[in-house]
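Please read the structure below before turning to the comments.
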Amino acid sequence: MKVKYIWAILIALSFFGCDDNTEGVGLGMLPDEDHIDVISKNYDVFTESVLSGPVYARTDTAYIGRYNDSQFGIYQAGFLTQLNCLDSIKFPDVYDSKTKKGLMVSDETLSTEIVFAYHKYFGDSIAPSHISIYELNKNIVDDPKIHYTDINASEYKGDFLAGGHYSAANLGVSDSIKASDFYEPQVRFNLEKGIGDKILKLNREHPEYFYDNDAFIENVFKGIYAECDEGSGSILYVDRVSLDIKFEIYKLDSVGNILQTHNDKDSIETVRLSFVGTKEVFQLNKLESSPEILEAKVQEKNHTYIKSPAGIFTQVTLPIDDIINDSEVQNDTIHSVKLIFDSYNNDDTSEFPMGKPNKLLMIPSSEKLSFFEENKINDNITSYIASLNNKGQYVFPNVSKLITSLSTNKEKALEEAKKEAGTNWNQQEWENKWKEENKDWNKMVLIPVTLDTTIEQDYYGNKIPVVINIRHDLKPEYVRLKGGDTNAGGDKLTLKAIFMSLNK
Numbered sequence: 003m004k005v006k007y008i009w010a011i012l013i014a015l016s017f018f019g020c021d022d023n024t025e026g027v028g029l030g031m032l033p034d035e036d037h038i039d040v041i042s043k044n045y046d047v048f049t050e051s052v053l054s055g056p057v058y059a060r061t062d063t064a065y066i067g068r069y070n071d072s073q074f075g076i077y078q079a080g081f082l083t084q085l086n087c088l089d090s091i092k093f094p095d096v097y098d099s100k101t102k103k104g105l106m107v108s109d110e111t112l113s114t115e116i117v118f119a120y121h122k123y124f125g126d127s128i129a130p131s132h133i134s135i136y137e138l139n140k141n142i143v144d145d146p147k148i149h150y151t152d153i154n155a156s157e158y159k160g161d162f163l164a165g166g167h168y169s170a171a172n173l174g175v176s177d178s179i180k181a182s183d184f185y186e187p188q189v190r191f192n193l194e195k196g197i198g199d200k201i202l203k204l205n206r207e208h209p210e211y212f213y214d215n216d217a218f219i220e221n222v223f224k225g226i227y228a229e230c231d232e233g234s235g236s237i238l239y240v241d242r243v244s245l246d247i248k249f250e251i252y253k254l255d256s257v258g259n260i261l262q263t264h265n266d267k268d269s270i271e272t273v274r275l276s277f278v279g280t281k282e283v284f285q286l287n288k289l290e291s292s293p294e295i296l297e298a299k300v301q302e303k304n305h306t307y308i309k310s311p312a313g314i315f316t317q318v319t320l321p322i323d324d325i326i327n328d329s330e331v332q333n334d335t336i337h338s339v340k341l342i343f344d345s346y347n348n349d350d351t352s353e354f355p356m357g358k359p360n361k362l363l364m365i366p367s368s369e370k371l372s373f374f375e376e377n378k379i380n381d382n383i384t385s386y387i388a389s390l391n392n393k394g395q396y397v398f399p400n401v402s403k404l405i406t407s408l409s410t411n412k413e414k415a416l417e418e419a420k421k422e423a424g425t426n427w428n429q430q431e432w433e434n435k436w437k438e439e440n441k442d443w444n445k446m447v448l449i450p451v452t453l454d455t456t457i458e459q460d461y462y463g464n465k466i467p468v469v470i471n472i473r474h475d476l477k478p479e480y481v482r483l484k485g486g487d488t489n490a491g492g493d494k495l496t497l498k499a500i501f502m503s504l505n506k
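3 is the number of the first residue of the sequence shown in my numbering; add one for each residue after it.
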């Protein structure tokens, strides 16, 4: 479709809706004797399901549990974490009645616990499961590989520390406590008392071991590995992991005397010293799914899947050659390109069905590892974010810069090759060789992600959300998208492009 009037441009562009792209600004300022040719064209897009493989899972959340899904089989989560030691942390001294200094009732601990605190979970809240916790037997050395979901936890699995059954609903806690404003769902595991006593003794005899995290991890406690080894039904999203050592202290008055209660007994209270998993130390997730089921889903060709975590991506092949070789628009400028991915209703009939991912990241297939390792943010040139709308669609309203970038990259390579070849130039041979060496040059992947945002003010003082971090979505979710192989019954997908050229 070609039109030659300014008002027609507005009609055409209204199809794309509003976005932040300003490539069309200034059209209304053209002199009357000029006119714009506008061409709207559709090009076929091919999609396919591909296994994601292990994904980069550097996150503040620890996932643990096991869930057996009717469609995707067993998903199992466990984690390793070090524990943060506040610089030069120290247990109080034992109370001395002569000097009236110190606080501890005796030079020993009451108990030691490992605590998992969480606010969200997936699955059956009352399904019982069992967790076992082991002390790490070696230090975690910084390397990008350790942050992938296939980390070999057995390399770090040391002595057994504790174990216990849990349910996400915390059935052992009364409803009145749960209704409190201060209630925090927790799973607690009791350790042997000797573990806390050992840490207390080391703190007394070697305060340098508690100087910072490195000293603590090297000399006192390397961390824990937790796995779900019995039961199935829920996955906990753990916000905080802590090693809590409880001990007793006296309450003292202003001059150091032990306070007396109304029944003439010593006033004693129980307090705790906590070592907590934080951003300053390593926390690593090990996530496993049923590989044979994922492979079978990938082989379904009449649609595509996106499955998290560490499951399936949808790969998109963009029709760059079709656009480059389209004689009708070769001298025109790409103004807008719209991509829409429609989803089917999830046909999970289980009692606790998985939801669809809320956000999808589209990036070059060649960057599916480096994008996350390098902590990149979408630039709306080669990387874009789309949200699930109320129609079940993921809409990328304008990826024209992506199309232009991919086209330009190939055309530059072609021109350079032409110069080198001179009279020996054979374009077909070059095309075949270049595509063999750059197999993913026009391929993108759709990846489920979560976004960390902050609020900033624009020039006019308006508050706008700004993305500061993009991570793989590690929650159990999936979506089935229209597309796939049209020869196998898949729906035809197209990108909708608008081109324009200025004519005298």
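Beta carbons: idealized from backbone N, C-alpha and C, even for Gly.
Bridge partner(s) assigned by DSSP for Ile116: Residue 116 sits at position 114 when you count from the first residue of the sequence shown. In the DSSP output, where bridge partners are listed per residue, Ile116 has Phe191, Leu245.
Coil, strand or helix - Phe74 by DSSP: Residue numbering aside, residue 74 sits at position 72 when the sequence shown is read from its first letter. In the structure shown, Phe74 sits in coil (DSSP, three-state: anything other than H, G, I, E or B).
Selected residue, minimal CA-CA separation from Val318, among Ser503, Thr280, Phe501, Ile449: As a position in the sequence shown, residue 318 is number 316, starting the count at 1. Selected option, being the one with the closest Cα: Ile449.
Whole-angstrom C-beta distance between Ser127 and Ala64, which should lie under 8 Å: Counting from 1 along the sequence shown, the entry for residue 64 is found at position 62. Counting from 1 along the sequence shown, the entry for residue 127 is found at position 125. Actually they are not in contact, since the Cβ atoms of Ala64 and Ser127 sit about 19 Å apart, beyond 8 Å.
Bridge partners - Glu369, DSSP secondary structure assignment: Position 367 of the sequence shown holds residue 369. BP columns for Glu369 are empty, so no partner.
At least 3 beta-carbon pairs within less than 8 Å: the segment 232-248 vs the segment 65-82: yes
Sheet register partners of His167 (DSSP bridge): Locating residue 167 in the sequence shown gives position 165, where the first residue counts as 1. Per DSSP, His132.
Same chain, Cβ closer than 8 Å to Ala490, five either side skipped, listed in chain order: If you number the sequence shown from 1, residue 490 lands on position 488. Hits under 8 Å: Lys303, Asn304.
Short Cβ contact (8 Å threshold) for Gly279 with Val257: Counting from 1 along the sequence shown, the entry for residue 279 is found at position 277. Counting from 1 along the sequence shown, the entry for residue 257 is found at position 255. No, the Cβ-Cβ distance between Gly279 and Val257 is not below 8 Å.
Inter-residue Cα distance where the pair is Leu193 and Phe373: For this step, residue 193 is matched to residue 191 along the sequence shown. For this step, residue 373 is matched to residue 371 along the sequence shown. Roughly 41 Å separates the two Cα atoms.
Lys361 - partner residues in DSSP beta bridges: Within the sequence shown, the letter at position 359 stands for residue 361. Answer is Ser389, bridged to Lys361.
Extent of the continuous beta strand (DSSP E) to which Phe343 belongs: Here residue 343 is taken as the residue at index 341 of the sequence shown, counted from 1. Run containing Phe343: 335-344, per the beta strand (DSSP E) assignment.
8 Å contact criterion, which Ser385 and Lys378 should meet: CB distance rounded: On the sequence shown, position 383 is the one that residue 385 refers to. On the sequence shown, position 376 is the one that residue 378 refers to. Correct: roughly 7 Å between the Cβ atoms.
Whole-angstrom distance between Arg60 and Thr114, CA atom to CA atom: Taking the sequence shown and counting its residues from 1, the one referred to as residue 114 is at position 112. Taking the sequence shown and counting its residues from 1, the one referred to as residue 60 is at position 58. When rounded, the distance between both Cα atoms is 28 Å.
Per DSSP, the bridge partner or partners of Val331: For the purposes of this step, residue 331 is taken as the residue at position 329 of the sequence shown. Val331 pairs with nothing; no bridge assigned.
Contact belief for Asp344 with Gly394 at Cβ below 8 Å, rounded distance in angstroms: Locating residue 344 in the sequence shown gives position 342, where the first residue counts as 1. Locating residue 394 in the sequence shown gives position 392, where the first residue counts as 1. Their Cβ separation, rounded to whole angstroms, is 7 Å, which keeps Asp344 and Gly394 in contact under 8 Å.
For Ile219, three-class secondary structure by DSSP: If you number the sequence shown from 1, residue 219 lands on position 217. Three-state DSSP puts Ile219 in a helix.
Rounded straight-line distance, which links the Cα of Leu173 to that of Phe184: Within the sequence shown, numbered from 1, the residue matching residue 184 stands at position 182. Within the sequence shown, numbered from 1, the residue matching residue 173 stands at position 171. Cα to Cα, the separation comes out at about 17 Å.
Simplified DSSP assignment, three categories, for Glu207: As a working note, residue 207 is residue 205 in the sequence shown. Helix at Glu207.
Reduced DSSP category for Asp39 - H, G, I as helix; E, B as strand; rest coil: Numbered from its first residue, the sequence shown carries residue 39 at position 37. If DSSP states are grouped into helix, strand and coil, Asp39 belongs with the strands.
Span of the alpha helix (DSSP H), counted from its first residue to its last, around Ala228: The residue you call residue 228 lines up with position 226 of the sequence shown. No alpha helix (DSSP H) holds Ala228; the beta strand (DSSP E) holding it covers 226-233.
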